[in-house]
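First comes the structure, then the notes that go with it.
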């Protein structure tokens with residue numbers, strides 16, 4: 001806005017004095033209304049547009065974005081046409097100069113702020129995408145660029161840049177450990193805080209400060225002596241602060257759009273596309289390009305593809321045969337040859353595709369072994385212990401294991417450690433609940449029971465020890481990156497998945513050999529094949545019987561493609577990320593993952609419509625369609641590892657949907673910080689289940705929130721980067737059709753008939769996802785809840801105490817007392833912080849600061865920023881740079897996947913594992929570490 005030249009002063013200007021301040025109003029000012037009688041209260045009427053302009057200038061002041069002269073000119077213009085401060089006498093110039101000087105003192109420029117830092121990123125020579133994040137005048141922007149050689153990655157001014165970790169040597173990588181930067185970041189922040197607090201104290205320091213303005217000038221010193229909090233500040237949106245109570249609190253227009261746009265028929269359309277053909281990780285570029293094109297069409301123009309070079313395997317051949325020695329013992333004869341493939345069904349088109357993906361395990365080892373075999377139940381750590389206690393021979397044998405209980409890769413890991421030479425896994429119908437053929441239900445496609453030939457593919461990576469590309473642990477697998485040995489992360493013995501149809505002859509051959517499962521504890525019971533002549537004997541297989549297991553895999557380093565879409569917000573360092581993976585083990589994947597993919601498209605479409613209507617978010621939104629999740633959370637892990645410095649500085653939350661809809665029951669896992677926001681959002685969405693008219697998703701939900709573990713793309717965000725995360729989706733109920741996980745029958749045909757008829761739950765999860773994102777993005781005070789976190793920590797500590805007592809493993813009373821004291825301190829600090837946040841949010845909603853006291857509005861923005869920064873970085877306070885014992889990639893001291901479960905979450909894993917392993921030294925160490933992190937979190941909120 002150009003500055004206006006002052007009008008010539010009137011010959012005899014008449015002045016009306018406002019008794020509420022030193023503001024003087026001219027009689028013949030045409031800009032605003034005034035009280036015509038002297039000594040009456042001034043009734044200034046400032047137009048809405050000019051008020052918005054004032055707030056925009058105040059916002060830019062807080063961001064320190066405009067050049068001083070441009071800022072002065074804009075303020076002078078507003079003083080002339082809106083503020084009307086001694087307009088005719090031209091004294092607005094002097095007032096604005098002092099105003100600008102004061103603001104510049106309170107928000108001094110630093111050398112780091114003068115220019116954006118640029119770091120070089122090595123890129124693939126042929127059209128590789130890197131992310132670029134930059135700050136521009138008045139707002140931040142995040143862009144992705146596709147270049148032919150190398151690109152530059154730009155970070156917001158407010159983010160302390162750590163060099164990109166692409167293509168670095170191991171010695172350089174050590175110096176780039178992002179977790180070593182946290183204390184440095186905090187110290188830098190504390191120094192900035194101290195400077196700003198001192199300037200604020202001086203700026204509102206009483207009589208002397210007021211006198212410097214002159215008694216006849218506007219009161220620019222805030223009257224309120226409200227508490228100054230202890231972090232730096234970003235304000236709310238410059239473009240529409242005047243409508244803050246509508247767009248940033250109730251968000252009713254946006255809420256309406258996000259609640260009505262996701263559409264079941266559109267979700268069905270997206271599902272049909274994604275499930276039409278194979279899209280194995282590293283082999284779905286066409287889908288990545290299609291997804292990018294759709295998002296751009298939806299209005300998210302800043303969408304690009306980010307790729308990584310990943311070490312993975314693809315199947316070349318396999319065989320599983322039950323062998324019997326000939327009567328003369330001279331050679332082996334085939335008693336049963338496993339089919340190792342799923343039936344082609346006339347009613348399920350993708351089950352018969354010529355290019356359908358064979359049954360295999362990701363990251364399984366190649367090998368050809370012939371050996372006796374042993375039934376090992378679920379193959380859990382405890383199962384193997386019980387087999388050893390029963391003197392069952394394991395070394396040199398092949399394990400026959402049921403799916404379930406723990407992540408499949410951990411079954412192979414433990415078998416390998418005990419000297420076994422291979423693993424065969426099958427899905428037992430006894431784990432399908434009520435809906436089985438034994439109970440009278442027809443098998444798919446004729447009914448809802450399991451198709452007997454269905455096979456669960458999947459990864460055998462040691463997921464709870466090291467997700468991501470096994471050759472680049474802790475750093476991104478970009479071209480030229482150094483590659484490490486893989487023994488720490490993937491098996492060295494072969495494994496195969498089979499159907500229960502193929503498992504039957506193997507189980508029947510064990511009948512009467514070794515003890516029966518019924519002789520073991522309750523966890524060995526419940527097999528569902530007894531009616532087919534299986535007595536679940538353990539074995540080993542009798543003399544003269546053996547399995548021949550052949551697994552041929554090709555290991556390659558190949559590109560994988562993430563699709564990243566960005567809607568830039570106003571605040572440069574507050575970001576919410578939404579993600580779903582796109583790759584599947586099969587041609588279908590209608591449930592896992594493409595029910596989530598279809599929902600994500602609807603979320604992007606809804607936000608795109610808002611952008612096209614002129615909406616701009618307060619905070620930045622990032623959408624991610626990950627590749628490589630099925631092998632080991634690869635796309636998300638590599639992306640987090642590459643952009644960890646930016647993510648650690650900016651990200652508020654990560655919202656994940658993997659299996660979006662395969663039934664009617666909402667399933668939730670979340671970090672405690674997000675519980676309150678999630679619960680409040682659930683009550684905004686109508687449930688497809690309207691047995692009671694008008695009931696919401698929150699009404700029919702079972703109110704259970706699981707602990708974050710692993711098994712999906714939230715892992716790198718929560719457990720490695722310390723970003724509060726959430727995973728939601730609709731799963732099957734006890735009477736639902738059996739979900740054919742990782743099978744050819746996780747297909748569009750199954751989804752239409754059994755999983756989500758009408759695709760209404762697809763649309764519902766999209767609405768939930770979008771509305772929760774909008775709540776986090778648009779609420780001026782970030783809607784996290786520290787009290788919920790402190791309460792949950794108390795529950796976790798009580799649980800680990802009970803665990804120690806049950807194991808007759810004493811924990812030091814002195815150390816536990818210190819931990820309890822730290823928890824009490826954190827609870828007090830969290831409660832106070834949440835209360836302060838609520839007060840500030842109400843002040844923002846009320847928006848009752850006089851327009852002629854802009855400094856108070858800047859101060860409010862400052863306090864909001866204080867609270868928000870503490871919320872944003874609170875989860876990071878619980879990271880431990882060295883990681884957990886034996887699995888250093890996992891940095892979080894509160895949450896991790898169970899070491900020997902993989903999927904399910906463990907709380908306070910360092911202490912819990914020390915108790916399990918009866919390691920008193922480790923237990924004392926981890927109680928001390930956790931106590932320190934809790935004290936640090938309390939201090940962070942108090943400071």
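In our numbering, the protein residues as written are 1 to 943. For every residue, glycine included, the Cβ atom is placed at its ideal position computed from N, Cα and C.
Under 8 Å between C-beta atoms of residue i and residue j
i, j, result
"residue 712", "residue 656", "yes"
"residue 392", "residue 374", "yes"
"residue 402", "residue 648", "no"
"residue 786", "residue 834", "yes"
"residue 367", "residue 494", "yes"
"residue 764", "residue 685", "yes"
"residue 260", "residue 605", "no"
"residue 581", "residue 718", "no"
"residue 797", "residue 908", "yes"
"residue 838", "residue 762", "no"
"residue 620", "residue 567", "yes"
"residue 836", "residue 927", "no"
"residue 544", "residue 514", "no"
"residue 710", "residue 475", "no"
Proximal residues to residue i (C-beta, below 6 Å), its chain only, five neighbours per side dropped
i, result
"residue 759", "264, 267, 268"
"residue 458", "408, 742"
"residue 633", "467, 713, 715"
"residue 404", "378, 431"
"residue 935", "822"
"residue 658", "593, 596, 712"
"residue 829", "938, 941, 942"
"residue 603", "766, 769, 770"
Exposure of residue i, with buried meaning 16 or more beta-carbon neighbours within 10 Å
i, result
"residue 54", "Since pLDDT at residue 54 reaches only 48, below the 50 mark, its modelled position is unreliable, and the value read off the structure follows with that caveat. So residue 54 ends up on the buried side."
"residue 666", "buried"
"residue 781", "buried"
"residue 727", "buried"
"residue 43", "Model confidence at residue 43 stands at a pLDDT of 32, short of 50, so the residue's coordinates are unreliable; what they give is reported in the following sentence. It counts as exposed."
"residue 739", "buried"
"residue 703", "exposed"
"residue 848", "exposed"
"residue 734", "exposed"
"residue 522", "exposed"
"residue 327", "exposed"
"residue 913", "buried"
"residue 289", "exposed"
"residue 905", "buried"
"residue 802", "exposed"
Cβ distance (whole Å) where residue i is taken to contact residue j below 8 Å
i, j, result
"residue 589", "residue 746", "6 Å"
"residue 460", "residue 531", "Contact doesn't hold; Cβ gap of about 31 Å is too wide."
"residue 654", "residue 591", "21 Å between Cβ atoms; not a contact."
"residue 682", "residue 691", "About 17 Å separates the two Cβ atoms, so there is no contact after all."
"residue 575", "residue 622", "6 Å"
"residue 434", "residue 744", "No, residue 434 and residue 744 are not in contact; Cβ-Cβ is about 24 Å, not under 8 Å."
"residue 314", "residue 556", "7 Å"
"residue 751", "residue 271", "7 Å"
"residue 638", "residue 308", "4 Å"
"residue 510", "residue 371", "Going by Cβ atoms, the distance from residue 510 to residue 371 rounds to 14 Å, so no, they are not a contact pair."
Own chain residues within Cβ distance below 7 Å of residue i, not counting five before or after
i, result
"residue 500", "426, 427, 428, 429, 452, 529"
"residue 609", "257, 261, 299"
"residue 413", "462, 491"
"residue 376", "383, 384, 387, 399, 400, 401"
"residue 381", "414, 900"
"residue 583", "279, 280, 281, 284, 627, 628, 629, 630"
Close Cβ partners of residue i (< 8 Å) along its chain, the five nearest in sequence each way excluded
i, result
"residue 788", "672, 673, 675, 676"
"residue 442", "448, 449"
Cβ-heavy atom distance, residue i to the ligand FAD, below 7 Å
i, result
"residue 856", "Of the ligands one can find in the structure shown there are none, so the ligand FAD has no counterpart to examine."
Check whether the stretch 802-809 touches the stretch 293-309, counting contact only when three or more Cβ pairs, one atom from each stretch, lie closer than 8 Å. Flag = no, the stretch 802-809 and the stretch 293-309 do not touch.
Counting pairs of Cβ atoms below 8 Å between the stretch 354-365 and the stretch 311-321, do you hit three or more? Yes, the stretch 354-365 is in contact with the stretch 311-321.
Pairs of beta-carbons, one from the stretch 845-862 and one from the stretch 549-568, closer than 8 Å: are there three or more? Flag = no, the stretch 845-862 and the stretch 549-568 do not touch.
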